[in-house]
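Peer 1: Structure incoming, see below.
Protein chains: 2
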Amino acid sequence: MHGGCVASRSADSRTGNGSPSAVDAVSLAIIEQLQEDGRRPYAAIGKAVGLSEAAVRQRVQKLLDQGVMQIVAVTDPLTVGFRRQAMVGINVEGDLDPVAEALSAMAECEYVVMTAGSFDLMVEIVCEDDDHLLETINKRIRTLPGVRSTESFVYLKLKKQTYMWGTR
Amino acid sequence: MHGGCVASRSADSRTGNGSPSAVDAVSLAIIEQLQEDGRRPYAAIGKAVGLSEAAVRQRVQKLLDQGVMQIVAVTDPLTVGFRRQAMVGINVEGDLDPVAEALSAMAECEYVVMTAGSFDLMVEIVCEDDDHLLETINKRIRTLPGVRSTESFVYLKLKKQTYMWGTR
DNA sequence: TTGGATGCGACTGAATCCGAAGTTGCGGGC
DNA sequence: GCCCGCAACTTCGGATTCAGTCGCATCCAA
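Residue numbers (my numbering), protein chains in the order written: chain A, 1 to 168; chain B, 1 to 168.
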């Protein structure tokens, strides 16, 4: 499967206004449950949010189909053999989109975002070692047409990483 | 619950050498399966990786217990009511740790990482609106003792967000 | 060789998932 | 006012899956 890009999928459902296919309070509560444990049984979620098991199942399916949420395993890259990570700020000449698309297509890019400020794009890179990191930045990113300059921030230590959006 | 920080948990199991309680190839294959679909049945995973259902279940449980992996729902913050996100680069005077700790304790900070380069810390912030974002950066981050300067990159559009570590 | 620990497959009852069908509530067209 | 369609919910029964537990093979150290 090629799946796995929340942003682009949800962008589809967002065409038009700024407030997408609004997620109501109940669905938010369901998401919170699944943020605590992605395999929690539907019946348990239903009890927590006041819905039947089937209703929860239908809502979860819809949230997944719409790309509002995905249920996945996440790991600490360091424990699975990726020893170098970096954030790369990029300045682009002309249209951002083709560059952003090209970056998104690269397996090493975990995270691609367009920003306002002194960078046009910020990209998180996950690599196996220094050589891999160097090659990715120097040979693959900096040579993309439109890329004017880059600045790299190699990760020294990951202090916090959460997935609790909506839980506040 | 307060759970949910992969980094700190896996750091515990990482004390000692650089290569932790090494994840073998079969467990990696299991992780890959769960990165595609966090609710995939154990039997289906077993068929894919060549193990019995029970063996997969035991391995998954161990991976979860060890903090190597967690199975969670992830969302695009924009679709669940958080309309402003930013990456903030921070320069610190003196020891980084207390500042990193303070940032990690803030609910708005999704992601805190120490970096090499022209920033000492990079932090991802998720806020409900502009006021919230301004207050967080200006009143809560910039006033932390030790923070010398900050630079903000407000997100315009999230292009890619994956959790496919290890899938390559 | 022996003892202990570990990982695996097989089995079983209980819990869960899943699809189909029926119910309710609401708004638009006639 | 009435009917129709739509969307979300509930109920229900059968198939599947989950969570223990058991015995067995392997590996490693004593």
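We put the beta carbon where it would ideally sit given N, CA and C, even for glycine. Quantities reported herein were computed from a predicted structural model and do not represent experimental measurements.
Nearest-angstrom Cα distance between residue 48(B) and residue 95(A)?
Peer 2: Working through the second sequence from its first residue, we reach residue 48(B) at position 48. Working through the first sequence from its first residue, we reach residue 95(A) at position 95. Spanning the two alpha carbons is a distance of roughly 43 Å.
Peer 1: Do the CB positions of residue 102(A) and residue 133(A) come within less than 9 Å of each other?
Peer 2: The count along the first sequence starts at 1 and reaches residue 102(A) at position 102. The count along the first sequence starts at 1 and reaches residue 133(A) at position 133. No, they are not a contact pair.
Peer 1: Is it buried or exposed for residue 148(A), if we count other Cβ within 10 angstroms and need 16 for buried?
Peer 2: Looking up residue 148(A) in the first sequence gives position 148. It is exposed - the Cβ of residue 148(A) has fewer than 16 other Cβ atoms within 10 Å.
Peer 1: Please report the straight-line C-alpha distance between residue 18(A) and residue 100(A), rounded to a whole angstrom.
Peer 2: Your numbering for residue 18(A) matches position 18 in the first sequence. Your numbering for residue 100(A) matches position 100 in the first sequence. Unreliable positioning characterises residue 18(A) in this predicted model, as indicated by a pLDDT of 37, which lies under 50. A coordinate reading is not provided.
Peer 1: Name the chain A residues whose beta carbon is nearer than 9 Å to that of residue 31(B)?
Peer 2: Here residue 31(B) refers to the residue found at position 31 of the second sequence. Ordered by position in chain A, the residues that pass the 9 Å Cβ test against residue 31(B) are 73, 75 and 80.
Peer 1: Does the stretch 80-94 of chain B come close enough to the stretch 109-129 of chain B that 3 or more CB-CB pairs lie under 8 Å?
Peer 2: yes
Peer 1: Residues of chain B with CB under 7 Å from residue 152(A), in chain order?
Peer 2: On the first sequence, residue 152(A) is found 152 positions in, with the first residue counted as 1. In chain order: 117.
Peer 1: Could you run through the stretch 88-107 of chain A and flag, in chain order, every residue whose CB is less than 7 Å away from some CB of chain B?
Peer 2: 100, 104 and 107
Peer 1: Using a 10 Å radius around the Cβ and a threshold of 16 neighbouring Cβ atoms, would you call residue 32(A) buried or exposed?
Peer 2: For the purposes of this step, residue 32(A) is taken as residue 32 along the first sequence, with counting starting at 1. Buried, since its Cβ has 16 or more Cβ neighbours within 10 Å.
Peer 1: Beta-carbon within less than 8 Å of residue 160(B)'s beta-carbon, same chain only, minus the 5 sequence neighbours each way: which residues are those?
Peer 2: Looking up residue 160(B) in the second sequence gives position 160. Cβ within range, chain order: n/a, list empty.
Peer 1: Assign residue 135(B) to one of three DSSP states: helix, strand, or coil.
Peer 2: In the second sequence, counting from the first residue as 1, residue 135(B) sits at position 135. In the structure shown, residue 135(B) adopts helical secondary structure according to DSSP, grouped into three states.
Peer 1: Once you ignore the five residues that flank residue 156(A) on each side, which residues in its own chain have a CB closer than 8 Å to its CB?
Peer 2: Reading the first sequence from its first residue, position 156 is the one you call residue 156(A). Within the same chain, residue 156(A) has no close Cβ partners at all.
Peer 1: Is the separation between the beta-carbon of residue 30(B) and that of residue 72(B) shorter than 9 Å?
Peer 2: The sequence position of residue 30(B) within the second sequence is 30, counting from 1. The sequence position of residue 72(B) within the second sequence is 72, counting from 1. It is not a contact, given that the beta carbons lie outside the stated cut-off.
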